[in-house]
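Number of protein chains: 2
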Amino acid sequence: MLPPVRRVILYGLAGGALLALLKFFEYQYFVRAYTSEIYGGLVAVIFSAVGIYFGLHWARARHVVVIKEIRVPEGGSFVLDVEKLKALGITPREHEILGLIAEGLSNREIGERLFVSENTVKTHSSRVFDKLGVGRRVQAVLKGRELGLIP
Amino acid sequence: MLPPVRRVILYGLAGGALLALLKFFEYQYFVRAYTSEIYGGLVAVIFSAVGIYFGLHWARARHVVVIKEIRVPEGGSFVLDVEKLKALGITPREHEILGLIAEGLSNREIGERLFVSENTVKTHSSRVFDKLGVGRRVQAVLKGRELGLIP
DNA sequence: CGGAAAATCACCCGAAAGGAGGACGACCGG
DNA sequence: CCGGTCGTCCTCCTTTCGGGTGATTTTCCG
Chain A
93 MLPPVRRVIL YGLAGGALLA LLKFFEYQYF VRAYTSEIYG GLVAVIFSAV GIYFGLHWAR
153 ARHVVVIKEI RVPEGGSFVL DVEKLKALGI TPREHEILGL IAEGLSNREI GERLFVSENT
213 VKTHSSRVFD KLGVGRRVQA VLKGRELGLI P
Chain B
93 MLPPVRRVIL YGLAGGALLA LLKFFEYQYF VRAYTSEIYG GLVAVIFSAV GIYFGLHWAR
153 ARHVVVIKEI RVPEGGSFVL DVEKLKALGI TPREHEILGL IAEGLSNREI GERLFVSENT
213 VKTHSSRVFD KLGVGRRVQA VLKGRELGLI P
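So, in structure tokens, the structure goes:
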């Protein structure tokens, strides 16, 4: 998207041009054929549309992040700790592989389930082990569970 | 917020009222005092503002919700299922090895901790795997936890 | 559009794990 | 004494894991 200042200027210029255009037609033709109601309505419709358009765009530009804190009662359902996931820099794919490792699957089985090669699974799992600071998959499962990354 | 349909109707009514109002003033006073450029500009500004307002409002539903979890330390007490242990024919030594496997230790580390050779650990773990009906240590940990053999 | 991040795959190597089979001593109960 | 169980240890073999490096492609975002 364009930066706000330039967008405002463009917006103003477009409005001015439209006004000039309308004024031109008004003096040439419209002023006798139609009342100014049509003129006002036209302007209203066009500027409403433009306003709505930019309103939507401006709203889309700012993505609001709402941090919701949920207390997990004992033995409650598992809630993924997104914060820790980001803090450790674990990607979604790596997290997915970690989950499948925790289910007791071998690298080959994981590859078959995800339709990727065993080598890919090994790459992902290696990175997860690095990020978790462990060297074995059982430890990775333990650590992941402890950190709230897997149920 | 109002439901969309009612909002649109209100919007249309307000627009109509505004037009009527402007028209009234136009015939009374404005038409002679100012050119219709003022009229058009006024309408443009007002409807742009209204359009932007509603555009922002319609788009306000866009939220990125990040769920942050706060973990409450679990006080669940583990009770060993001795019955299942006997039912599966798991010996005390095998059960001990299973516990150490669940801690993420390698066979060599288990051997060092128990002052036995790695081969012995492998024998025990193999037997545990047989009795649990699994083929991998992560699965053994899962099964053991599920059966109440390890915390 | 261009760069960063993510995902994918490959190859090599050493270590770990697992399977199959055998062996030996201790202990315990019939 | 003898069979059964348990714990210990071994060899040989195959598979699996994990680490490292490098590369390509896809995806995302400013």
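First to last, the sequence lines map onto chains A and B. The opening position of the first sequence corresponds to residue 93 in the working numbering, with each subsequent residue numbered one higher. The opening position of the second sequence corresponds to residue 93 in the working numbering, with each subsequent residue numbered one higher. From the three backbone atoms N, C-alpha and C, an ideal C-beta is built for every residue, glycine too. Quantities reported herein were computed from a predicted structural model and do not represent experimental measurements.
CB contact flag (residue i, residue j, <9 Å)
{"i": "Lys223/B", "j": "Ile189/B", "result": "no"}
{"i": "Ser209/B", "j": "Ile193/B", "result": "no"}
{"i": "Leu241/B", "j": "Leu172/B", "result": "yes"}
{"i": "Glu186/B", "j": "Arg219/B", "result": "yes"}
{"i": "Glu213/B", "j": "Arg200/B", "result": "Per the sequence shown, the amino acid found at residue 213/B is Val instead of Glu. In contact: Val213/B and Arg200/B (Cβ atoms closer than 9 Å)."}
{"i": "Leu234/A", "j": "Lys176/A", "result": "no"}
Assigned secondary structure, residue i (DSSP; H/G/I helix, E/B strand, else coil)
{"i": "Thr215/B", "result": "helix"}
{"i": "Ile221/B", "result": "Per the sequence shown, the amino acid found at residue 221/B is Phe instead of Ile. Three-state DSSP puts Phe221/B in a helix."}
{"i": "Val123/A", "result": "Annotation note: pLDDT 48 at Val123/A (below 50); position unreliable, no value reported."}
{"i": "Glu195/B", "result": "coil"}
{"i": "Val233/B", "result": "helix"}
{"i": "Pro243/B", "result": "coil"}
{"i": "Arg163/A", "result": "Annotation note: pLDDT 46 at Arg163/A (below 50); position unreliable, coordinate value reported separately. Strand."}
{"i": "Val174/B", "result": "helix"}
{"i": "Arg205/B", "result": "helix"}
{"i": "Ile182/B", "result": "coil"}
{"i": "Arg228/A", "result": "coil"}
{"i": "Val157/B", "result": "Because the pLDDT of Val157/B is 44, which lies under 50, any placement of that residue in the model is unreliable, and the number read from its coordinates should be weighed accordingly. Val157/B falls in the strand class under three-state DSSP."}
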